[in-house]
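The sequence shown begins at 6 in my numbering and counts up by one.
No residue lacks a Cβ here, since even glycine has one placed at the ideal position from N, Cα and C.
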Amino acid sequence: MILPIYLYGSQVLRKAAEESALDDREGLTKLIGDMVETMHHADGCGLAAPQVGVSRRILVVDGTDLVDRYPELKDFHREMINPKFTFESEETSSYEEGCLSIPNVDASISRPARIRVRYVNPAFEEVEEEFGGFAARMIQHEMDHLDGILFVDRAAPIRRKMLTGKLMNIAKGNVHPRYRVKSDK
Ligand code: NI
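Here it is in structure tokens:
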């Protein structure tokens, strides 16, 4: 089921999400499936549960459409429940980021170049994996959503200032992407 995506300005995007209980496996499997479908429908490469109004620590990423630009994304897609960083490199890298909750806005963001993440996968197994390149980038962007942080918060001050008008417009609902959006304001 395709879910509406909450836009910049929504309160749910600014709350720290709660750890997800693992007992309702059927419910979790359905939510993750809906998130993947919603992400694909919107042509996105990542989505966090707060973006569909669910304040729980769940994220999905799929980089397979970006493999021409980033070869490390071959076969890269993950669905993560309760992800936690177990390592973040001191070395950083910068990439252009965008977000389905902030349509038509991008900014170059610096983040750790490599990360290790421990999470529960859709088979309900605990796994730990290391990621670099654009895969690490996608996961960190989505992890931020689980803490109520948006990529524009991390943009250089001058870039943020340039985006102020655009962000205000989105918060007012003056944006019409081709996927379904909503706001909880
Ligand atoms: Ni995002």
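Considering only C-alpha positions, which residue in the set the options is nearest to residue i?
i: L155; options: N179, G103, P127 and H181; result: G103
i: N179; options: L8, I7, M6 and L12; result: L12
i: A47; options: A160, I107, Y124 and Q16; result: I107
i: A21; options: P55, D73 and G51; result: P55
i: G68; options: R165, P162, G137 and P117; result: G137
i: T43; options: G32, S15, V57 and E96; result: V57
i: R5; options: E24, V41, V66 and R183; result: As shown, the chain starts at 6 and ends at 190. That puts residue 5 outside it, with no answer to give.
i: T34; options: S98, R165 and N126; result: N126
i: E133; options: R183, I163, K89 and P182; result: K89
i: S94; options: H82, P117 and R159; result: P117
i: R119; options: D111, T97 and A128; result: T97
i: G51; options: E147, D70 and L172; result: E147
i: G32; options: Y75, G49, I86 and P9; result: I86
i: D111; options: A26, D28 and R164; result: R164
i: H82; options: E131, L172, E23 and G49; result: G49
i: R61; options: D149, R183 and K187; result: D149
How many Å lie between residue i and residue j at the Cα?
i: D152; j: E84; result: 17 Å
i: I63; j: G170; result: 31 Å
i: I7; j: L36; result: 10 Å
i: Y100; j: L78; result: 15 Å
i: R121; j: F139; result: 14 Å
i: A176; j: V17; result: 13 Å
i: D39; j: I144; result: 18 Å
i: K166; j: N109; result: 16 Å
i: D189; j: S15; result: 5 Å
i: D158; j: L105; result: 15 Å
i: S113; j: R185; result: 26 Å
i: A161; j: P9; result: 30 Å
i: D28; j: A128; result: 13 Å
i: H45; j: A26; result: 26 Å
i: P76; j: P182; result: 28 Å
Any chance the CB of residue i is under 6 Å from a heavy atom of ligand 2?
i: C50; result: In terms of ligand content, the structure shown lacks ligand 2 and carries ligand 1 instead.
Report the three-state DSSP secondary structure of residue i (helix, strand or coil).
i: M6; result: coil
i: I144; result: helix
i: I37; result: helix
i: K89; result: strand
i: L105; result: coil
i: D111; result: strand
i: H181; result: coil
i: F136; result: strand
i: K187; result: strand
i: I163; result: helix
i: I154; result: coil
Residue ranges of each beta strand (DSSP E) within the stretch 6-80, 3 or longer: 51-53 and 63-67
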